[in-house]
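Quick note: the sequence shown uses numbering that gives the first Met the number 0, first residue 0, plus one each step.
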Amino acid sequence: MAEIIVKPLDNSDFITTLQTFCGILRSCLGPKSGVKMLVSGGDYLTITSASSRIIRNIPLSDPICVFIAQIMKAQLEKCNNFGLYTGILVSSIIEQVLSKKDKVAISLATVVVQEVLPKLSSFLKSDCLKISINFSSVKQLIHIVNSVLLSKPMCGLTVYEVEPLGVCLVKAFLGSIGEEMGEVIVISGDGTRCDSRLYPGVLYMFDVHDNLLDLLEKQFHEGTEDLLLALFNIMLTNDECSNKLSNDSNKIGITSESSFNTESEFLKQAMLLIEQAINSGVKIIACQKVVHPMLRMHLRRKGVLLLDRLGTAPAQAVQKLSGAVPISSLTRYVENLDMMLGRITSVRRLICDGKEYLHLQRKGGNVTTLFVNAMGEEATIELKVCVEQSLSLLYQLVSQPVVTPGAGCFDMFLAASLQQVIQEESILVCSSSELRHVVCCIQQSLLMASGLDTSPTSLIAVDSTFKHAWSSLDTSCCCGLIPQTLVKEQEGKWFTLDWACQQEMFPHCSWFRPTSADVIKDLHECAIVDLYSSKVNAVIMALESSVNLLGIGMIISRV
Numbered sequence: 000m001a002e003i004i005v006k007p008l009d010n011s012d013f014i015t016t017l018q019t020f021c022g023i024l025r026s027c028l029g030p031k032s033g034v035k036m037l038v039s040g041g042d043y044l045t046i047t048s049a050s051s052r053i054i055r056n057i058p059l060s061d062p063i064c065v066f067i068a069q070i071m072k073a074q075l076e077k078c079n080n081f082g083l084y085t086g087i088l089v090s091s092i093i094e095q096v097l098s099k100k101d102k103v104a105i106s107l108a109t110v111v112v113q114e115v116l117p118k119l120s121s122f123l124k125s126d127c128l129k130i131s132i133n134f135s136s137v138k139q140l141i142h143i144v145n146s147v148l149l150s151k152p153m154c155g156l157t158v159y160e161v162e163p164l165g166v167c168l169v170k171a172f173l174g175s176i177g178e179e180m181g182e183v184i185v186i187s188g189d190g191t192r193c194d195s196r197l198y199p200g201v202l203y204m205f206d207v208h209d210n211l212l213d214l215l216e217k218q219f220h221e222g223t224e225d226l227l228l229a230l231f232n233i234m235l236t237n238d239e240c241s242n243k244l245s246n247d248s249n250k251i252g253i254t255s256e257s258s259f260n261t262e263s264e265f266l267k268q269a270m271l272l273i274e275q276a277i278n279s280g281v282k283i284i285a286c287q288k289v290v291h292p293m294l295r296m297h298l299r300r301k302g303v304l305l306l307d308r309l310g311t312a313p314a315q316a317v318q319k320l321s322g323a324v325p326i327s328s329l330t331r332y333v334e335n336l337d338m339m340l341g342r343i344t345s346v347r348r349l350i351c352d353g354k355e356y357l358h359l360q361r362k363g364g365n366v367t368t369l370f371v372n373a374m375g376e377e378a379t380i381e382l383k384v385c386v387e388q389s390l391s392l393l394y395q396l397v398s399q400p401v402v403t404p405g406a407g408c409f410d411m412f413l414a415a416s417l418q419q420v421i422q423e424e425s426i427l428v429c430s431s432s433e434l435r436h437v438v439c440c441i442q443q444s445l446l447m448a449s450g451l452d453t454s455p456t457s458l459i460a461v462d463s464t465f466k467h468a469w470s471s472l473d474t475s476c477c478c479g480l481i482p483q484t485l486v487k488e489q490e491g492k493w494f495t496l497d498w499a500c501q502q503e504m505f506p507h508c509s510w511f512r513p514t515s516a517d518v519i520k521d522l523h524e525c526a527i528v529d530l531y532s533s534k535v536n537a538v539i540m541a542l543e544s545s546v547n548l549l550g551i552g553m554i555i556s557r558v
């Protein structure tokens with residue numbers, strides 16, 4: 000007989016589980032983080048420090064931790080960045096509220112966090128957190144990309160290895176921007192050496208045993224016209240096409256007899272469409288999925304190059320490169336076939352890392368392929384994830400070319416600004432001590448999620464002028480934007496955070512002096528920055544999710 004177990008949110012077992020989960024996430028944050036070895040039920044090993052791979056492979060049974068993992072996924076799906084940051088911030092706020100000795104009622108803490116959220120949102124809009132990016136300066140883009148690559152220790156890249164990869168990344172990104180937005184396809188090598196190479200167009204892994212490619216290359220060398228390409232995004236076998244046609248019949252009035260009842264019917268219709276394509280001059284058939292063996296043989300006999308099992312991303316790249324319109328039915332578009340064909344300028348055989356590829360190019364195309372490799376299979380997989388993350392960051396900069404101080408300075412600014420909320424006591428739903436307690440939980444959680452050293456012996460300081468984070472031995476702030484001399488010129492001071500007395504960790508808000516945002520508008524080579532829009536989204540999502548999770552009264556499970 001099943002047993003129903005009811006536990007309150009502040010149950011000690013849950014708090015311990017949450018602390019462990021938050022500790023795992025924190026240990027993966029930043030360039031000094033440690034990697035994780037995840038072992039699945041089938042003894043499959045995954046070595047990683049990337050949040051996208053951790054939450055995909057780590058087994059979670061606690062419902063709150065599962066929910067936090069879903070929040071991390073939502074952040075990654077939207078911004079492809081700050082998944083770990085979001086997870087740490089959410090879990091840390093909840094853990095801080097639930098576990099402090101002088102804790103306030105959970106229901107009251109929930110209301111206070113909800114009241115603090117709009118004030119925090121106003122701090123996020125401060126011009127001191129916004130640094131505009133100049134796209135005419137390639138160096139700025141390279142420095143931004145390099146800061147992302149160096150934050151992933153699992154990739155195993157040195158500063159000297161990151162530089163050429165950063166250049167390739169920016170070149171690939173700029174090559175994909177035109178009148179229409181293009182695409183960069185990232186493929187990884189075999190992990191035998193560390194290098195990166197950039198190829199205009201699309202690379203398709205190809206195993207050829209005849210002289211078909213030699214024939215195509217000869218045609219191009221002789222200066223003939225572009226090759227026409229037909230692209231299918233359906234499986235060219237009987238089962239899927241039959242189902243597709245059955246679905247289409249409900250939409251466009253085709254009777255059920257139009258679906259293929261036998262394999263011979265499917266082959267007959269497919270042959271008709273392929274023959275029509277060949278008669279229209281098509282030399283390349285690209286298919287996102289599997290192609291029937293009989294069709295493969297027929298295309299080879301006709302001298303048509305077949306690219307099958309492309310997958311979703313490569314098929315989209317071929318679509319953008321050639322301008323082809325995907326064919327998703329064997330009947331619906333037959334009359335308009337000529338209008339759906341794409342064009343390829345050149346086809347070459349290419350050997351990369353001992354593997355044979357077909358290199359498709361089109362003159363003036365805005366699709367590029369970036370080949371990356373690191374020392375070791377797991378490091379190469381991690382590098383591919385990191386490179387895709389860097390590209391996503393660059394594309395987001397197109398719509399909002401603004402970055403924000405990184406390396407903990409963004410979070411220190413927010414935490415220090417929250418002192419204003421404590422001193423003003425403008426939130427009337429609680430006493431001043433209760434307000435100080437909840438705001439302190441948020442401040443500590445922000446600093447924990449930033450990757451700063453929050454141990455009791457830490458000597459992290461904040462300056463009175465810019466509210467940036469400082470290490471005791473550094474001549475500039477943690478993000479590198481503010482030198483000590485600039486703080487002194489503004490008659491600023493430093494305050495070392497008191498981790499032992501967490502309720503009075505920061506000085507009074509009157510100690511901080513406002514400064515002109517124009518002072519930190521310049522982005523120099525050594526600066527560490529984050530994408531402003533993604534970081535803001537992560538903070539807002541984390542605070543809103545914390546309110547929702549703290550509103551849970553009981554956890555009911557059936558065992």
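Idealized CB from N, CA, C, for every residue including glycine.
Please work out which residues of its chain come closer than 7 Å, Cβ to Cβ, to residue i, disregarding the five sequence neighbours upstream and downstream, and give them in chain order.
i: lysine 118; result: Val420
i: glycine 177; result: Asn365
i: leucine 320; result: Gly200, Val201, Leu359, Arg361, Gly364, Val366
i: arginine 308; result: Lys288, Val289
i: valine 5; result: Met553, Ile555
i: alanine 312; result: Ile184
i: glutamine 18; result: Glu94
Kindly list the residues whose CB is nearer than 8 Å to the CB of residue i, restricted to its own chain and excluding five residues on each side of it in sequence; keep chain order.
i: leucine 28; result: Leu83, Tyr84, Ile87, Ala448, Gly450
i: leucine 123; result: Leu413, Val535, Val538, Ile539
i: proline 7; result: Gly552, Met553, Ile554
i: glutamate 221; result: Because the pLDDT of glutamate 221 is 47, which lies under 50, any placement of that residue in the model is unreliable, and the question is left without a value.
i: threonine 495; result: Leu458, Ile459, Ala460, Ser471
Quick check on this structure: which residue in the options has the alpha carbon closest to the alpha carbon of residue i?
i: leucine 168; options: Leu294, Asn145, Leu156, Gly341; result: Asn145
i: serine 471; options: His291, Thr464, Thr456, Leu485; result: Thr456
i: methionine 293; options: Leu417, Gln360, Ser263, Val437; result: Ser263
i: serine 60; options: Phe81, Asp126, Gln388, Thr16; result: Thr16
i: leucine 393; options: Cys21, Phe172, Ile63, Ala526; result: Phe172
i: lysine 129; options: Val38, Met180, Asp529, Val185; result: Asp529
i: alanine 541; options: Pro62, Thr47, Ser432, Gln74; result: Gln74
i: valine 371; options: Asp189, Lys267, Gly280; result: Asp189
i: glutamate 490; options: Ser135, Ser463, His436; result: Ser463
i: serine 544; options: Val438, Ile67, Ser121; result: Ile67
i: glutamine 275; options: Gln287, Leu298, Val290, Leu44; result: Leu298
i: proline 404; options: Thr453, Cys525, Val158; result: Cys525
i: serine 125; options: Val401, Cys440, Ser430, Thr484; result: Val401
i: leucine 417; options: Ser509, Cys478, Cys286; result: Ser509
i: glutamate 160; options: Glu179, Val384, Met374, Met338; result: Met374
i: serine 345; options: Ser136, Leu304, Leu382, Gln69; result: Leu304
i: valine 158; options: Ser175, Ile441, Cys193; result: Cys193
Between residue i and residue j, how many whole angstroms is the CB-CB distance? I'm expecting something under 8 Å.
i: leucine 97; j: leucine 228; result: Not quite, the Cβ-Cβ distance comes to about 59 Å (not below 8 Å), so this is no contact.
i: valine 486; j: phenylalanine 465; result: 7 Å
i: serine 389; j: leucine 202; result: Serine 389 to leucine 202, Cβ: 19 Å. No contact.
i: alanine 314; j: leucine 230; result: 7 Å
i: aspartate 225; j: isoleucine 343; result: 6 Å
i: leucine 576; j: valine 111; result: Here the chain covers residues 0 to 558 and nothing more, so residue 576 does not appear.
i: histidine 291; j: leucine 271; result: So it is not a contact: roughly 14 Å between Cβ atoms.
What does DSSP give as the partner residue(s) for residue i in the beta ladder?
i: tryptophan 469; result: Ala460
i: aspartate 194; result: Asn372
i: cysteine 351; result: Lys354
i: glutamate 182; result: Val366
i: proline 199; result: Thr367
i: isoleucine 555; result: Val5
i: leucine 226; result: Ile343
i: proline 482; result: Ser475
i: cysteine 286; result: Phe231
i: phenylalanine 494; result: Val461
i: serine 263; result: In DSSP, serine 263 forms no bridge with anything.
For residue i, which residues of its own chain have a beta-carbon under 6 Å away from its beta-carbon, when the five flanking residues on both sides are left out?
i: leucine 140; result: Val169
i: isoleucine 184; result: Ala316, Thr368
i: serine 195; result: Leu164, Cys167, Val371
i: arginine 512; result: Ser463, Thr464
i: cysteine 64; result: Phe20
i: glutamine 483; result: Thr474
i: histidine 436; result: Val103
i: glutamate 492; result: According to the sequence as given, residue 492 is lysine; it is not glutamate. Excluding sequence neighbours, lysine 492 sits near Ser463.
i: aspartate 352; result: Gly188, Asp189
Quick one: is residue i near chain B, going by C-beta distance under 8 Å?
i: methionine 338; result: No chain B appears in this structure, which consists of one protein chain only.
If you scan the region 363-428 from start to end, which runs of the beta strand (DSSP E) of 3 or more residues do you find wholly inside it?
-> 366-372, 401-404
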